[in-house]
Amino acid sequence: MKQFDALTRKKDREPVRYLIVDDSVFARKSLAKMIESFGGQVIGEAGDGCTAITEYTRTKPDIVLMDITMPQMEGIEAVERIVQEHPDARIVMVSSVGYQDNILAALQKGARHFVQKPVKPDALYEIIRYVLNDDGVTVTVGAGQEKSR
Amino acid sequence: MRMDLIQPFIGSLDAVLAEMMKAPAKIVDLTMEVKGYRRKGAAAVVTFRGQIEGRVILDMDPGAAAQVASLLFGKDVAPDEAIIKETVCELANMVIGNAVTQLNDGGFQFKVFPPEVVAQEECAETGKDSEATILCFETASGNVYLNIVMKYLQRRSRERSAVPVA
């Protein structure tokens, strides 16, 4: 897989910490592989919205990648609950179901962006960079600098 | 069955297979059936409820599923049963999710449920008023089948709100 310039946290230059929420183990593995190519660290995974809420509180990730259609509690409800408790939470919806009403609902509940499956690594990287840079969370470390870290 | 309901699934499967398998796929067969459906390989079903109700089964030859799994993981994957089932579920999620997105944006409103593995060899008959449309896509690694059963219950919101011409 293509390697991207690493995204690191501005405050300590450590890798960006991700929470992946998807009911498909396969999708989680695929996203984890992309995150690895972005120089990030997966600090938690969840297979439904309820677990996502507890995992968010436990791990305090820099960013969450959240599926929409999941058993028990769907992604949009999980976004609402997480953002109620943690207003600065950065959540990017990653779903194959991307109709306007769904995207709008997710954004209204506090999601920052939306990526449609199948996920293209370049598109996800740009969106994550945009969301994190917008809050001044990250700096991008060039490939050469990353090797010497 | 209305073709405007089927077309998004054809387009979506075509696009997702091209993206996931990095090679073109072509439709080699289209049949309509009311009898029970016999599973061809590894299959997952997605159901939906709302203005359109029904289900779509994505059914893949194990070789095709293994190729998608390998491409997703970025390395050759042993085609064991668990990985193949996971692959089919995720692919079903993408194909059907993308199609549902087009239908919803076209004014049809319904809810989609997460994919489930189809374990039984044979599915129940579809019933008198809803025959199944079965599409067979050929890929270099094996065939991929879409079995679509949909019942259209209401007019689209756009049509409902249209002002009748006197």
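Respectively, the protein sequence lines represent chains A and B.
Going by this note's numbering, the letters in the first sequence line up with residues 1 to 149, in that order.
Going by this note's numbering, the letters in the second sequence line up with residues 1001 to 1166, in that order.
Cβ coordinates follow ideal geometry from the N, Cα and C atoms, glycine included.
In chain order, each alpha helix (DSSP H) run of at least 4 residues that lies wholly inside the region 3 to 85 of chain A:
25 to 37, 49 to 59, 75 to 85
Looking at C-alpha atoms only, which residue of A106/A, S96/A, R90/A is the closest neighbour of G75/A?
A106/A
What are the residues in the region 105 to 134 of chain A lying within 9 Å of chain B by C-beta distance?
Q116, K117, P118, K120
Proximal chain B residues relative to T69/A, where beta-carbon distance stays under 8 Å:
N1093, G1097, V1112, F1113, P1114
Is it true that the CB of S96/A sits closer than 8 Å to the CB of N1093/B?
yes
Which residues share a DSSP beta bridge with M1060/B?
A1042/B, V1144/B
For Q72/A, collect the residues of the same chain with a Cβ closer than 7 Å to its Cβ; drop the 5 residues on either side in sequence, then sort them by chain order.
D48, G49, C50
Residue range of the alpha helix (DSSP H) that includes A105/A
100 to 109
Can the beta-carbon of R1055/B be found less than 8 Å from the beta-carbon of T1047/B?
yes
Cα separation between V92/A and P1008/B?
25 Å
Could you compute how far the alpha carbon of E1053/B sits from the alpha carbon of I1148/B?
11 Å
Which residues DSSP lists as bridging D1029/B, in chain order:
C1136/B
Cross-chain neighbours of C1089/B in chain A, by beta carbon under 8 Å:
S24, F26
What are the start and end residues of the beta strand (DSSP E) that includes F1009/B?
Segment 1003 to 1021 is the alpha helix (DSSP H) holding F1009/B; no beta strand (DSSP E) there.
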